Amino acid sequence: MKPIRLSGHAQENMRYRGAIESEVIEAIQTASWSPAERGRLECRKNFAYGQEWNGKIYATKQVRPIFVEESNEIVVITVYVNYF
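In this text, residue positions in the sequence shown follow my numbering: the first is 125, and each later residue adds one.
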């Protein structure tokens, strides 16, 4: 697999939304990719969570990176996180 690079925007969103780099990388490496808006790609991976986020306990954290596959690397544009 190509190296994965996180854009500054993706890193900022990860901090704000509660994702960590290893989760984003694991999602890209193990989940199925599908087309996203503007010619980008996305994938989703659920992680066992069982912790508090914004005052509520959630069992699962879903990490959804949005990325592009370039000739020599994968560039993560942004990362969305859902808790449930």
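Glycine is no exception: its CB is placed at the ideal position from the N, C-alpha and C atoms. Here the structure is a predicted model, which is why all the values come from computation and not from measurement.
- In this structure, the straight-line span from the alpha carbon of Cys167 to that of Trp157 is close to 5 Å.
- Assignment of Ile144 by DSSP, reduced to helix, strand and coil, places it in the coil class.
- Excluding residues up to 5 positions away in sequence, Val200 lie with their Cβ nearer than 6 Å to the Cβ of Leu130 in the same chain.
- Proximity to His133 across Tyr207, Ser195, Pro189, Asn196 peaks at Pro189, based on C-alpha coordinates.
- Our two residues, Gly163 and Gly179, have alpha carbons roughly 36 Å apart in a direct line.
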